[in-house]
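> To convert, take the position in the sequence shown, counting from 1, and add 10; that gives the numbering used here. Here it is: the structure, laid out below.
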Amino acid sequence: MTVVRAPGGSAPSAPPQPDPTTDGRLQRLLQTLATRNRFYREAWRAAGLDPRTVPGLALHQLPFTTKAELVRDQLAHPPFGRNHTFPLATYTRVHQTSGTTGRPLRVLDTAASWRWWGRCWTAVYQGAEVDRHDRIFLAFSFGPFIGFWAALEGAQQIGAMAITGGGMDSVLRLQAMADFGATVLVATPSYALHLARVARDAGIDPRSLGIRTTIHAGEPGASVPAVRARIEELWGARCHDHAGASEIGAWGYSCREGSGLHLIDGEFIAEVIDPATAAPVADGTVGELVLTNLGRPGFPVLRYRTGDMVRRMWQRCPCGRQGPLLAGGVLGRADGMVVVRGMNIFPSAIDALVREQRQIGEYQVRIWTRDDLDQITVRAEVDDGDPNAVAEELMARCHRALGMRVGFEALARGTLPPTELKAQRIRDERAAARG
Ligand SMILES: [Zn+2]
11 MTVVRAPGGS APSAPPQPDP TTDGRLQRLL QTLATRNRFY REAWRAAGLD PRTVPGLALH
71 QLPFTTKAEL VRDQLAHPPF GRNHTFPLAT YTRVHQTSGT TGRPLRVLDT AASWRWWGRC
131 WTAVYQGAEV DRHDRIFLAF SFGPFIGFWA ALEGAQQIGA MAITGGGMDS VLRLQAMADF
191 GATVLVATPS YALHLARVAR DAGIDPRSLG IRTTIHAGEP GASVPAVRAR IEELWGARCH
251 DHAGASEIGA WGYSCREGSG LHLIDGEFIA EVIDPATAAP VADGTVGELV LTNLGRPGFP
311 VLRYRTGDMV RRMWQRCPCG RQGPLLAGGV LGRADGMVVV RGMNIFPSAI DALVREQRQI
371 GEYQVRIWTR DDLDQITVRA EVDDGDPNAV AEELMARCHR ALGMRVGFEA LARGTLPPTE
431 LKAQRIRDER AAARG
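As structure tokens, then:
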């Protein structure tokens, strides 16, 4: 695969010319969709384009795609909507989104696009320097959510032994990791932290389990230096980030440098826009990531608004990879950002501050109003140490980093539910109070 090449050096520079291979694949995809995909034909017509003239257009001339549009289409045309390019009998897998925000979206894959998902995961494993000698433990329920199903397919493609952790509680998972000699743990960052605590409660040092690498997805935490450092210390392993979504594919991975996310070569076209105006932003500026996938013609997304806020840099990574690097990984959600006393605050920023306090286990962030003034209170389980000292230190840290005072409420262990998937830690109570 030809890769978009950028000049070396550490300073951001102008993006290179479009890669002819990627452009050729895009044009072939548009030709297929123009005659066979009812969802996109309709979307193009609604944008004032004649579907017959779309092949040949540049990507930026096409309309964006949003998750809300895909969900609406499935509601209007149940059960799978119209974004399937081929007859339904062509598809071999169906998954649905986790549904943490709104109605689940169903996604379809053909045998070929499922192999593509797996191929993208082989890049994730290569970034983490995982190979066929590894035994990969997948801490995942293996339900209809696509989650780490694709990680399982990718593990098979690199020839590693995959150990599936469905139908097990945390203690059984730890036991299975020890019994089978797992060397790699694939889990959400929150769950990796939780699993380490369960191990310690059971008198097991997680570092003794032989896990040398952890790979995370589902939340942006693994690119947050404080979260990564904590996972690495607890597990005695190198921690890697990965990003993907059911409706897009597995699109990003971290390398040994840990400086951010590399985009998977040639399989996705990335744009970065201002989420409010949809205008492209300059490289090095934070904006919303927009992705087009090229390897899933049966359920494609063109110019898909991911809602992920990123900072794209064109620079050579010390690992030797070129092309775009999303510095710091996914920095937050365009729709998850909260405005508190006029300041934009990303949950990941608070996560980083809380995670620097090693005594804190599960936590929640409550945003509420007192006397018409926004308040932030961190409610946290303090695993050890003096809760007052922990509170004082965290409040001082938050004040320095966020420029505002943050309250603290210490909770007993086990008060908050453990978070296995997509930690929803921010509880914004202001709208309910106003309503
Ligand atoms: Zn790199």
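In this text, a Cβ means the ideal position worked out from N, Cα and C, and glycines have one as well.
Ordered along the chain, which non-local residues of its own chain (more than five positions away) have a Cβ less than 7 Å from that of Gly91?
For Gly91, where only same-chain residues beyond five positions count, the Cβ hits under 7 Å are Phe49, Leu80, Asp83 and Gln84.
> Can you tell me where the alpha helix (DSSP H) with Asp318 in it begins and where it stops?
Taken as a continuous stretch (DSSP letters only), Asp318 belongs to no alpha helix (DSSP H), being part of the beta strand (DSSP E) at Tyr314 to Trp324.
> Spatial neighbours of Thr424 within its chain, please: CB distance less than 8 Å, with the 5 preceding and 5 following residues excluded, ordered by chain position.
Note that residue 424 is Gly in the sequence shown, not Thr. Closer than 8 Å at the Cβ level, and outside the excluded window around Gly424, lie Glu391.
> The alpha helix (DSSP H) spanning Cys408 covers which residue range?
Taken as a continuous stretch (DSSP letters only), the alpha helix (DSSP H) holding Cys408 covers Pro397 to Leu412.
> Distance check for Asp215 and Val196, CA to CA, integer angstroms please.
Distance between the alpha carbons of Val196 and Asp215: 18 Å.
> Is any non-hydrogen atom of ligand 1 found closer than 7 Å to the C-beta of Arg331, if you look at the structure I gave you?
Flag set: Cβ of Arg331 near ligand 1.
> Between the C-alpha atoms of Thr110 and Gly228, what's the straight-line distance to the nearest angstrom?
The predicted position of Thr110 is uncertain, since its pLDDT is 48 and thus under 50; no value can be drawn from it.
> Which residues in the same chain have their Cβ closer than 7 Å to the Cβ of Gly137, if we skip the five residues on either side of it in sequence?
These residues qualify, in order along the chain: His250, Tyr263, Ser264, Cys265 and His272.
> Going by C-alpha to C-alpha distance, which of Val181, Gly175 and Phe278 sits closest to Gly157?
Ranking Val181, Gly175 and Phe278 by Cα distance to Gly157 puts Gly175 first.
> Count the other CB atoms within 10 Å of the CB of Val237; is the residue buried (16 or more) or exposed (fewer)?
Buried.
> Can you give me the C-alpha to C-alpha distance between Arg322 and Ile360, rounded to a whole angstrom?
Each residue's alpha carbon lies about 22 Å from the other.
> Which residues in the same chain have their Cβ closer than 6 Å to the Cβ of Gly297, if we skip the five residues on either side of it in sequence?
Excluding sequence neighbours, Gly297 sits near Val282, Ile283, Asp284 and Val291.
> Curious, which full-length alpha helix (DSSP H) runs of at least 4 residues does the segment 77-102 contain?
Whole alpha helix (DSSP H) segments, 4+ residues: 77-86.
> Using DSSP with H/G/I as helix, E/B as strand and the rest coil, what is Asp251?
Note: Asp251 maps to strand in three-state DSSP.
> Taking 7 Å as the line, does the beta carbon of Cys265 fall inside it for any heavy atom of ligand 1?
At least one heavy atom of ligand 1 is nearer than 7 Å to the Cβ of Cys265, so yes.
> Tell me whether Cys249 counts as near ligand 1, meaning its Cβ is closer than 7 Å to at least one heavy atom of that ligand.
No - ligand 1 has no heavy atom lying nearer than 7 Å to the Cβ of Cys249.
> Can you tell me the Cβ-Cβ gap for Tyr373 and Val388, rounded? I've got them flagged as a contact below 8 Å.
The Cβ separation is near 6 Å, so the contact holds.
> Can you name, in chain order, every residue of its own chain whose Cβ lies under 6 Å from the Cβ of Ile355, other than the five neighbours on each side?
Closer than 6 Å at Cβ, skipping near neighbours: Val348.
> Let me know if His409 comes out buried or exposed under the rule of 16 or more other beta-carbons within 10 Å of its beta-carbon.
Looking at its Cβ environment, which holds fewer than 16 other Cβ atoms inside 10 Å, His409 is exposed.
> Whose C-beta lies closer than 8 Å to the C-beta of Asp384 among residues of the same chain, with five residues either side of it excluded?
Val350, Arg351, Ile377, Trp378 and Arg440, listed in sequence order.
> If Val260 sits next to Gly254, beta carbons under 8 Å apart, how far is it from one beta carbon to the other, in whole angstroms?
It should be pointed out that residue 260 corresponds to Ala in this sequence rather than to Val. With a Cβ gap of about 4 Å, Ala260 and Gly254 count as contacting.
> Trp378 bridges to which residues according to DSSP?
Trp378 is bridged to Gln385.
> Please indicate yes or no: does the CB of Cys130 lie closer than 7 Å to some heavy atom of ligand 1?
Not so, every heavy atom of ligand 1 lies at least 7 Å from the Cβ.
> Drop a sphere of 10 angstroms on the beta-carbon of Ser358, count the other beta-carbons inside from all chains shown, and report buried for 16 or more, exposed for fewer.
Flag for Ser358 reads buried.
> Can you tell me whether DSSP reads Ile370 as helix, strand or coil?
Looking at Ile370 - three-state DSSP - the assignment turns out to be strand.
> Answer yes or no: the CB of His272 versus the heavy atoms of ligand 1, is any distance below 7 Å?
Result yes, Cβ under 7 Å from ligand 1.
> Within 10 angstroms of the Cβ of His252, are there 16 or more other Cβ atoms? Answer buried if so, exposed if not.
Under this definition His252 is a buried residue.
> Is the beta carbon of Cys408 within less than 7 Å of some heavy atom of ligand 1?
For ligand 1, not one heavy atom lies less than 7 Å from the Cβ of Cys408.
> With the cut-off set at 8 Å, would you say His105 and Phe155 are in Cβ contact?
Contact: yes.
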